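Written out below as structure tokens is the structure these notes cover.
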Amino acid sequence: MSLTGVVMITLPDLLVFVAALTAVYLLPGPDMALVLSTSAFRGPGSGLLAALGLAISRSVHVTLSALGLAALFHAHPLLFDAVRWLGAAYLLLLAWRMLRAGETDQSAGRNEAGAGWRAMRSGVMTNLLNPKALMFCAFLLPQFIATQRDLATQYLILGSILVGLGLLFDVVYAFAAASLARRFAGAGPVRRASKLLFSGVFGVAALRLAVGGN
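Residue numbers (the working numbering): -2 to 211.
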């Protein structure tokens, strides 16, 4: 394979791609809320593992998009609806867990391995059960793919940027949330308000996903 067959993404296209991703990652949503809440209530380590889970899920979505499996949602709307309802149910579960979060979050650090696994699993499930995340990849990536060039290499490059940039933002969110949590440690009203805020974000996200809104 020649060098021109590998390097096919122009700098202007790359900048537009990064700008589009940056705009998406700056928008509040369930992914951001998960990282912020996990890091604030369970510590930065758990927040980073939640971010890792999100990165794994995004990698799966990029792979599915490259394989063309997102077309299944177009051909089988019931499959899309099934995944959508599962995702909404999981977000409601996160909202309920956030409302019930209390001193048990502090004691969760006794079993760091188990807490870390739960955080990473939440990251994977939150994004993986959101069919709109897959459709986002399926619609965005082809806009920057040159069909006359090597498709696998292009998906690898663009997918790595998508996953890597998302992970970078999530890491920043995790440390920012942990810093704020330490600053307001012991402030009961702030903690209760944070629980309600994050629970509300998960609840609204579940509602939007359930009704199929954008």
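Ideal Cβ placement from N, Cα and C applies to all residues, glycine included. This one's a predicted model, so the numbers in the text were calculated from it and none came from an experiment.
Next on the checklist: Please report the straight-line C-alpha distance between leucine 76 and phenylalanine 70, rounded to a whole angstrom.
Outcome noted: Position 79 of the sequence shown, counted from the start, is the residue given in the question as residue 76. Position 73 of the sequence shown, counted from the start, is the residue given in the question as residue 70. If you take the alpha carbons of leucine 76 and phenylalanine 70, they lie about 6 angstroms apart.
Item to check | Beta-carbon proximity check, phenylalanine 223 vs methionine 95, cutoff 8 angstroms | outcome: The structure shown has nothing for residue 223, since the chain only spans -2 to 211.
Checklist entry - Taking C-alpha atoms, which residue in Arg205, Leu193, Val208 lies nearest to tryptophan 93? => result Your numbering for residue 93 matches position 96 in the sequence shown. That would be Leu193, whose Cα lies nearest to the Cα of tryptophan 93.
Checklist entry - So, is the C-beta of phenylalanine 77 closer than 8 angstroms to a C-beta in chain B? => result Absent from the structure is chain B; it holds one protein chain and no more.
Checklist entry - For proline 41, does the count of other Cβ atoms within 10 angstroms reach 16, so buried, or fall short, so exposed? => result For the purposes of this step, residue 41 is taken as the residue at position 44 of the sequence shown. Proline 41 is buried by the Cβ-count criterion.
Checklist entry - Would DSSP call asparagine 124 helix, strand or coil? => result Along the sequence shown, read from residue 1 onward, the residue named residue 124 stands at position 127. The answer is helix: DSSP assigns asparagine 124 an H, G or I state.
Checklist entry - How about alanine 135 and alanine 67: do their beta carbons lie closer than 8 angstroms? => result Taking the sequence shown and counting its residues from 1, one reaches residue 135 at position 138. Taking the sequence shown and counting its residues from 1, one reaches residue 67 at position 70. It is a contact, given that the beta carbons lie within the stated cut-off.
Item to check | Buried versus exposed, by CB contacts within 10 Å (16 or more), valine 59 | outcome: Taking the first residue of the sequence shown as position 1, residue 59 is located at position 62. So valine 59 ends up on the buried side.
Checklist entry - Looking at the unbroken alpha helix (DSSP H) that takes in glycine 156, where does it start and where does it end? => result Locating residue 156 in the sequence shown gives position 159, counting from the first residue. Element bounds for glycine 156: 148 to 180.
Item to check | Rounded distance between the beta-carbons of proline 27 and alanine 202, thought under 8 angstroms | outcome: Here residue 202 refers to the residue found at position 205 of the sequence shown. Here residue 27 refers to the residue found at position 30 of the sequence shown. Rounded, the Cβ-Cβ distance is 4 angstroms, consistent with contact.
Item to check | Bounding residues of the alpha helix (DSSP H) (the contiguous stretch that carries histidine 71) | outcome: In the sequence shown, residue 71 corresponds to position 74, counting from 1. 68 to 72 is the span of the alpha helix (DSSP H), which, as asked, contains histidine 71.
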